[in-house]
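Enquirer:
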Amino acid sequence: MIVKNIFILLVTFYYSLTYAQKDTTKTLNKTDSFSVINQYLNSKIKDKTSEIIVISEKLNPNVTLKIFEGQFPRPENEKSDYNVLYGGATRPLFNDRAFKIMKNNFYDSKKYILPDITDKLWTKTDLEFDKIKFISYVRFAANSNNADDVEINNLPNFLPVFGISEPIIYDKKYLVFQFHVTRTPFFGFSNSKVIVMKKAKNKWIVVQEISNYELH
11 MIVKNIFILL VTFYYSLTYA QKDTTKTLNK TDSFSVINQY LNSKIKDKTS
61 EIIVISEKLN PNVTLKIFEG QFPRPENEKS DYNVLYGGAT RPLFNDRAFK
111 IMKNNFYDSK KYILPDITDK LWTKTDLEFD KIKFISYVRF AANSNNADDV
161 EINNLPNFLP VFGISEPIIY DKKYLVFQFH VTRTPFFGFS NSKVIVMKKA
211 KNKWIVVQEI SNYELH
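Throughout, the working numbering is defined as the position within the sequence shown, counted from one, plus 10.
1. Run the CB neighbour count on Arg107, radius 10 Å, all protein chains shown included, and call it buried at 16 or more, exposed below.
2. Name the DSSP beta bridge partners of Met207, please?
3. If you follow the alpha helix (DSSP H) that Asp106 is part of, which residue opens it and which one closes it?
4. Can you tell me the Cβ-Cβ gap for Gln188 and Leu103, rounded? I've got them flagged as a contact below 8 Å.
5. Specify, as a first and last residue, the run of the alpha helix (DSSP H) that Leu75 falls within.
6. Please report the straight-line C-alpha distance between Val206 and Leu185, rounded to a whole angstrom.
7. Beta-carbon within less than 6 Å of Gly9's beta-carbon, same chain only, minus the 5 sequence neighbours each way: which residues are those?
8. Looking at the strands, I want to know which residues DSSP matches up with Lys143.
9. Please report the distance separating the alpha-carbon of Pro177 from that of Thr135.
10. Based on the DSSP secondary-structure assignment, which residues constitute the bridge partners of Lys131?
11. Are the CB atoms of Ile145 and Ile70 within a distance shorter than 8 Å?
What follows is the structure, encoded as structure tokens:
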């Protein structure tokens with residue numbers, strides 16, 4: 011009986027240890043994604059009383075991956091001016107193995123009506139700001155020069171317009187997402203960035219902001 015009890019205890023301990031090891035990989039979840047987006051968004055809204063526009067479609071993670079990687083796959087022994095010339099995350103943040111894992115996990119093979127967006131939508135409950143007007147990127151693209159769309163063509167000038175992608179996990183501890191900002195009248199984004207954030211002391215901090223090399 012004693013031997014049997016010892017065996018049960020050992021088995022229980024083994025499975026507890028195994029579960030604990032597996033659970034350490036689950037460091038980031040959906041709540042973290044909303045938290046990091048809201049923290050960063052609110053830091054970029056200068057006038058908290060003003061209305062803002064958010065592109066209703068979540069931006070395409072493939073563009074996030076492309077900006078994060080830079081114009082060309084970087085060599086292991088890249089020179090210090092590599093990122094100035096070709097963009098992308100700088101080393102040591104950029105790690106070849108970690109990037110490949112992120113790309114394998116989050117590359118989206120689906121074809122969308124426009125390559126910059128997905129068919130997933132942001133909702134009022136996702137973003138912690140009261141005065142948000144959600145407008146489709148497709149609608150903007152189709153109607154920005156169309157007088158028939160009264161709402162689009164009568165938007166006040168200089169309203170902030172934000173485009174945001176859903177964060178993707180990098181190297182188990184970073185959240186990476188696109189954050190684009192411009193103002194009305196909206197003809198596309200001229201200030202495109204990928205933001206890399208990491209949690210430290212229960213607060214999300216910006217590790218790196220990566221400009222879109224195609225806009226340099």
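Even for Gly, the Cβ is constructed at its ideal location relative to N, Cα and C.
Note that the coordinates shown come from a computational prediction; the quantities given were computed from them, not determined experimentally.
Expert: Looking at the atomic coordinates:
1. exposed
2. Leu185 and Val216
3. Asp106 to Phe116
4. That pair is no contact at about 17 Å.
5. Pro71 to Glu79 is the span of the alpha helix (DSSP H), which, as asked, contains Leu75.
6. 6 Å
7. Missing from the structure shown is residue 9; the chain here goes from 11 to 226 and no further.
8. Ile63
9. Taking the straight line joining both Cα atoms gives about 16 Å.
10. It should be noted that the sequence gives Leu, not Lys, for residue 131. According to DSSP, Leu131 shares a beta bridge with Glu67.
11. Position check: residue 70 holds Asn in this sequence, whereas Ile was assumed. Against a cut-off of 8 Å, the Cβ pair of Ile145 and Asn70 comes out as no contact.
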